[in-house]
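Student: My numbering numbers the first residue of the sequence shown as 933 and each following residue consecutively. Ideal Cβ placement from N, Cα and C applies to all residues, glycine included. Being a predicted model, the structure only gives us computed values, none of them experimental. Have a look at the structure that comes next, please.
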Amino acid sequence: MIHFFKEALEKLDGDRIYRLTAELKERIGMREQNDLLEIMEYTKEGYSPVIDFGTWRVAILNYCEELEPRNIHKFQKHEETDEIFVLLKGECILYVAEGTDTVGTIYSQSMEKNKLYNVKKSTWHSHTLSRDTMVLIVENRDTDLSNSPEIELTEEQRRFLAAAVVQRTKNDY
């Protein structure tokens, strides 16, 4: 009898075994864990959406060279959504600015871990991160460059960003 089952299994390919297993589980009322729980992570540099559902998205932003103060050349705003930031680890300075068609007064905010920072719709913003930083982001799923214009910063504004990092670092110690 064992020989019969062994021969039958050898004739099945992986896809067929998977389908039969899923069918059997469905018949007896079992669900796959991944039907109940999805576990995601993102550990590379930069930004990446990790979960999209319905109209919302959860993304991770990790350190990337592009967000070093000396490399920040522009701000962005989202015309259709607020954007939530939560510092999970490391250090992050969140910049927000007044203005509609131009970047006006810039404000810098050192983020604290596990607090929610809601950048309101149509607010110019950017951030700079320490090398060990991970930030959780929640936004509308359809947020992209078509509804999120970017604007170049002036040389004076770029100097302000660099100075804000130095000032925040001094104040933290």
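With 16 other CB atoms within 10 Å as the buried threshold, where does Lys-1009 fall?
Tutor: In the sequence shown, counting from the first residue as 1, residue 1009 sits at position 77. Result: buried.
Student: Select from Asp-967, Leu-1026, Thr-1055 the residue whose C-alpha is nearest the C-alpha of Leu-1061.
Tutor: Residue mapping note: residue 1061 aligns to position 129 of the sequence shown, counting from 1. The shortest C-alpha separation from Leu-1061 is found at Leu-1026.
Student: Please go through the same chain and pick out, in chain order, the residues whose beta-carbon is closer than 6 Å to the beta-carbon of Val-1067, but skip the five residues on each side of it.
Tutor: The sequence position of residue 1067 within the sequence shown is 135, counting from 1. Same-chain partners within the cutoff: Leu-993, Phe-1017, Leu-1019, Cys-1024.
Student: Residues bridged to Met-1066 by DSSP?
Tutor: Residue numbering aside, residue 1066 sits at position 134 when the sequence shown is read from its first letter. Paired residues: Asn-994, Lys-1021.
Student: Inspect the beta-carbon positions of Val-1051 and Glu-1015 and report whether they are closer than 9 Å.
Tutor: On the sequence shown, position 119 is the one that residue 1051 refers to. On the sequence shown, position 83 is the one that residue 1015 refers to. In this structure, Glu-1015 lies closer than 9 Å to Val-1051 by Cβ.
Student: Is it buried or exposed for Leu-1107, if we count other Cβ within 10 angstroms and need 16 for buried?
Tutor: The structure shown does not extend to residue 1107, since the chain is modelled only from 933 through 1105, so no value can be given for it.
Student: So is the beta-carbon of Arg-1002 under 8 Å away from any non-hydrogen atom of the ligand HEM?
Tutor: Annotation note on the ligand HEM: not contained in the displayed structure, which lists no ligands.
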